[in-house]
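So the sequence shown is numbered by our numbering: it starts at 24 and just counts up by one.
Only one structure is covered here, and it is reproduced in the block below.
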Amino acid sequence: MKLPPKATIRQAIRDRRQWVINTLTELVRYPTLLGREENGQRYLAGIFDHLGYATRMEPIKLERIKDLPGFSPVDWTLEGKENVVAVHDPGTSQGRTLAFNGHIDVVSPEPVKLWSSDPFEPRVVEKESGTWIYGRGSGDMKGGTLSYLWALAALQDLGLEPASKIICQSPVEEEATGNGTLAILERGYLTDACIIPEPFGETILTHQVGVMWFQVRVLGQTQHVLGAGHGINAIEKSWLIIQAMRSLEEEFNQQHNKPEAYRDIEHPINLNVGTIEGGDWASTVAGECVTRFRFGLFPGEKCTDLMRTIEERIAEVAAKDPWLKENPPQVEYIGFRAEGARFNIDGDFGRSLQEAHELWRGGPAVELKATCTTDMRFYELYYGIPATCYGPLARNIHAADEHVSIESMQRVAEVLTSLIASWCGIKRRRS
Ligand SMILES: [Zn+2]
Numbered sequence: 024m025k026l027p028p029k030a031t032i033r034q035a036i037r038d039r040r041q042w043v044i045n046t047l048t049e050l051v052r053y054p055t056l057l058g059r060e061e062n063g064q065r066y067l068a069g070i071f072d073h074l075g076y077a078t079r080m081e082p083i084k085l086e087r088i089k090d091l092p093g094f095s096p097v098d099w100t101l102e103g104k105e106n107v108v109a110v111h112d113p114g115t116s117q118g119r120t121l122a123f124n125g126h127i128d129v130v131s132p133e134p135v136k137l138w139s140s141d142p143f144e145p146r147v148v149e150k151e152s153g154t155w156i157y158g159r160g161s162g163d164m165k166g167g168t169l170s171y172l173w174a175l176a177a178l179q180d181l182g183l184e185p186a187s188k189i190i191c192q193s194p195v196e197e198e199a200t201g202n203g204t205l206a207i208l209e210r211g212y213l214t215d216a217c218i219i220p221e222p223f224g225e226t227i228l229t230h231q232v233g234v235m236w237f238q239v240r241v242l243g244q245t246q247h248v249l250g251a252g253h254g255i256n257a258i259e260k261s262w263l264i265i266q267a268m269r270s271l272e273e274e275f276n277q278q279h280n281k282p283e284a285y286r287d288i289e290h291p292i293n294l295n296v297g298t299i300e301g302g303d304w305a306s307t308v309a310g311e312c313v314t315r316f317r318f319g320l321f322p323g324e325k326c327t328d329l330m331r332t333i334e335e336r337i338a339e340v341a342a343k344d345p346w347l348k349e350n351p352p353q354v355e356y357i358g359f360r361a362e363g364a365r366f367n368i369d370g371d372f373g374r375s376l377q378e379a380h381e382l383w384r385g386g387p388a389v390e391l392k393a394t395c396t397t398d399m400r401f402y403e404l405y406y407g408i409p410a411t412c413y414g415p416l417a418r419n420i421h422a423a424d425e426h427v428s429i430e431s432m433q434r435v436a437e438v439l440t441s442l443i444a445s446w447c448g449i450k451r452r453r454s
């Protein structure tokens, strides 16, 4: 069957607006930072239950994923952390199956003093540009999750349901490793396509870079400052490494080193010096310093090649420094080992999404080449499932005063109802 007229769907979506605002606000209240995702996951599982889906908590089994391609090494406890998976199974299958993936974890709001209010006490703010919800995770990406739930709930309110299987996935660990989504796919929750409503402003993601985390440990020689002339300061030696990584970054971003798809982006490969920990006393020459970095890589490049380049560069720096030559810096890999990925917007699924967007917005969606990673890579690279990001507009994600646009979420929900109808088929809801 066909969807009812647009005006009817639009009204059903409008009628769910307050429910969405209340649910999103509640979900943002759970500070689902790395390692603290559990309570937020349980709350979300309750929402899936309420919508009538078969909801399961799926604990991660390290043994099952640690040797899979795309696994990222960690130095924290992964075993037993729970993903949530909720399945809508209509019994028959008239179309193709679809996954919605929205990670539950959020990045740290620190330093909280930069926020105008408590990051985990969400605020609904009316502006000239519409209604926005403020709070850590409101955009990235609890607002994305609520956007697809908005579409599914509105269809239910109209007495309809997707005519093929829908699998809602709420992984942990997206912001650090992606191991949550990897574990969901390893468990066999596979579909014909996947949408990740990351907050990229109603664009369709076609490319994303890879991301690698590494840390460099430099040892110095401790000494009381009285004899500072003789000690070796590990913090100051680490500066040599930071400079070397910055010049490597500049090389990667030179026009002739960029693949075709990234030529029109000025600085696609970003290095971030994320944390630095060194020394332990103001009057002692710093004896050890660990700097944590994040580096990007282009789609098609291998993490192992980037690792080798980084290690070679650091070895070159060390060879020129009498102390580092004798005491070579140690490179360690913890967290993201994510390769870049592409989505074929001209394939069946890309066309279905683009048509759904055009139907509601009157023109094609902007295509996005992202300079960050998302969990989309697992579907595309390792499971052959077409996957992309299509989600609402948010501002200040990973920064102070993060906020998401309710009207944009509403528009995403509209488009998703049409995508569900064309991809999965639609039928009367069983009572
Ligand atoms: Zn995200």
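Backbone N, C-alpha and C fix where the C-beta goes; we use that ideal spot for every residue, glycine too.
Item	Value
By the 10 Å Cβ neighbour count, where 16 or more other Cβ atoms means buried, how is Q64 classified, buried or exposed?	buried
Return yes when at least one heavy atom of ligand 1 lies under 6 Å from the C-beta of E81, else no.	no
Quick one: complete alpha helix (DSSP H) runs, 4+ long, within the segment 209 to 293?	257 to 275
Comparing C-alpha positions only, which one of Q41, R59, V438 sits nearest to A379?	V438
Is the closest heavy atom of ligand 1 to the C-beta of D128 under 6 Å?	no
What residues match up with K150 in a beta bridge as DSSP calls it?	G153
Would you kindly report the start and end of the unbroken alpha helix (DSSP H) that includes L172?	167 to 180
Around the Cβ of G211, are there at least 16 other Cβ atoms within 10 angstroms (buried) or fewer (exposed)?	exposed
Would V110 pass as a contact of A77 if the rule is Cβ separation under 7 Å?	yes
Please state whether the Cβ-Cβ distance between L56 and C447 is less than 7 Å.	no
Starting from the Cα of A417, find the closest Cα among R79, D128, F71, E225 and give me that residue.	E225
To the nearest angstrom, how far is the alpha carbon of E289 from that of L382?	33 Å
Inspect the CB distances between the segment 298 to 307 and the segment 336 to 346 and report whether three or more fall short of 8 Å.	no
For the pair the segment 199 to 217 and the segment 383 to 391, tell me if three or more CB-CB distances fall below 8 Å.	no
Keeping to the same chain, check which residues put their C-beta closer than 6 Å to that of K104; ignore five residues upstream and five downstream.	I83, V195
Three-state secondary structure (DSSP) at L416?	strand
Tell me the rounded alpha-carbon separation between N45 and P142.	16 Å
How would you label K136, buried or exposed, when you count the other beta carbons within 10 angstroms and need 16 or more for buried?	exposed
Figure out for me which residue from F237, S375, R365, L26 has the closest Cα to the Cα of E334.	F237
Near L347, what residues of its chain come up, given a Cβ to Cβ distance below 8 Å and the 5 sequence neighbours on each side ignored?	V241, K260, L263, V340, A341
What whole-angstrom Cβ distance do G363 and V232 have, given they're in contact under 8 Å?	5 Å
May I ask which residues mark the beginning and end of the alpha helix (DSSP H) holding C447?	429 to 447
Would you mind reading off the limits of the alpha helix (DSSP H) that contains G9?	This structure leaves residue 9 out entirely; the chain is present only between 24 and 454.
Look at G162 and V435 and say whether their C-beta atoms are less than 7 Å apart.	no
Alpha carbon to alpha carbon, how far is F401 from V354? Give it in angstroms, no decimals.	26 Å
Hey, how far is the Cα of R331 from the Cα of K325?	10 Å
For ligand 1, any of its heavy atoms closer than 6 Å to the Cβ of D398?	no
Just checking M164 against ligand 1 - is the residue's beta carbon closer than 6 Å to any of the ligand's heavy atoms?	yes
Is the beta carbon of Y405 sitting closer than 7 Å to the one on G93?	yes
Along the chain, which unbroken stretches of the alpha helix (DSSP H) at least 4 residues long are found entirely within the segment 79 to 154?	85 to 88
The alpha helix (DSSP H) spanning G310 covers which residue range?	Neither: G310 is in no alpha helix (DSSP H) and is coded neither H nor E.
Beta carbon of V43, beta carbon of W173: below 7 Å?	yes
Does any heavy atom of ligand 1 sit closer than 6 Å to the C-beta of E61?	no
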